[in-house]
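Student: Got a structure for you, questions after.
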Amino acid sequence: MNVHDRSTTDDAFHEWLLSDHPEARAERDYRRRASYEYERGQAAAVLAWVDKINALAEVPQTMRELADSMGPLADKSAQHAEIAFAEPDDLYVARLRDDFENYMLVSGKSPANDYGYPEHLTGPAAASYPPPPEPGTDSIEPGG
697 MNVHDRSTTD
707 DAFHEWLLSD
717 HPEARAERDY
727 RRRASYEYER
737 GQAAAVLAWV
747 DKINALAEVP
757 QTMRELADSM
767 GPLADKSAQH
777 AEIAFAEPDD
787 LYVARLRDDF
797 ENYMLVSGKS
807 PANDYGYPEH
817 LTGPAAASYP
827 PPPEPGTDSI
837 EPGG
């Protein structure tokens, strides 16, 4: 099953992605690592640019000031990526499930305004629930 390209704007998929299904966990790990690597790479690119600007003698003062302001922001971004990536999955999922419950309640998408994260998607039984089909399709992927 390849769900790397599935959008979390699909509420049913987002709900499943927060489940205890082993493949949901693997997908979260994949996405978290990709996000971490992207953020670290962006911070490194900014810091390399800052070093380049600071190494040049003939640079307008405004460029030097921009570099001086961007360096600490890139450091902070890299630190944020480290902290976010270090958060254990169980804490990460609990926080995002709470956020998702609030979103469902505030958005009015819960018909009775009493949405709670589905119990069937928690614990070992969650392994019985593959990801929902993509919007506009009628069935779940083969082998799902």
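In the working numbering, the protein residues as written are 697 to 840. Here a beta-carbon is modelled for each residue, glycine too, at the ideal position from N, C-alpha and C. A quick note: this is a predicted structure, and the numbers were derived from the prediction, not measured.
#1: What number of angstroms, rounded off, separates the C-alpha of Pro718 from the C-alpha of Gln738?
#2: Within 10 angstroms of the Cβ of Pro827, are there 16 or more other Cβ atoms? Answer buried if so, exposed if not.
#3: Consult DSSP for Pro838 and reduce its assignment to one of helix, strand or coil.
#4: From what residue to what residue does the alpha helix (DSSP H) around Thr758 run?
#5: In this structure, how does DSSP classify Gly819 when only helix, strand and coil are distinguished?
#6: Give every residue of the same chain whose Cβ lies closer than 7 Å to the Cβ of Tyr799, excluding the five residues on either side of it in the sequence, and list them in chain order.
#7: Considering only residues of the same chain and omitting the five flanking positions on each side of Gly839, which have a CB-CB separation below 6 Å?
#8: Straight-line CA distance for Asp785 to Gly767?
Tutor: This is what the structure holds:
#1: 30 Å
#2: buried
#3: With a pLDDT of 45 at Pro838, under the threshold of 50, the predicted position of this residue should be treated as unreliable, and no value is reported.
#4: 757-782
#5: coil
#6: none
#7: Low local confidence applies: a pLDDT of 46 at Gly839 is under 50, so the model's placement there is unreliable, with the coordinate-based value given in what follows. Cβ within range, chain order: n/a, list empty.
#8: 30 Å
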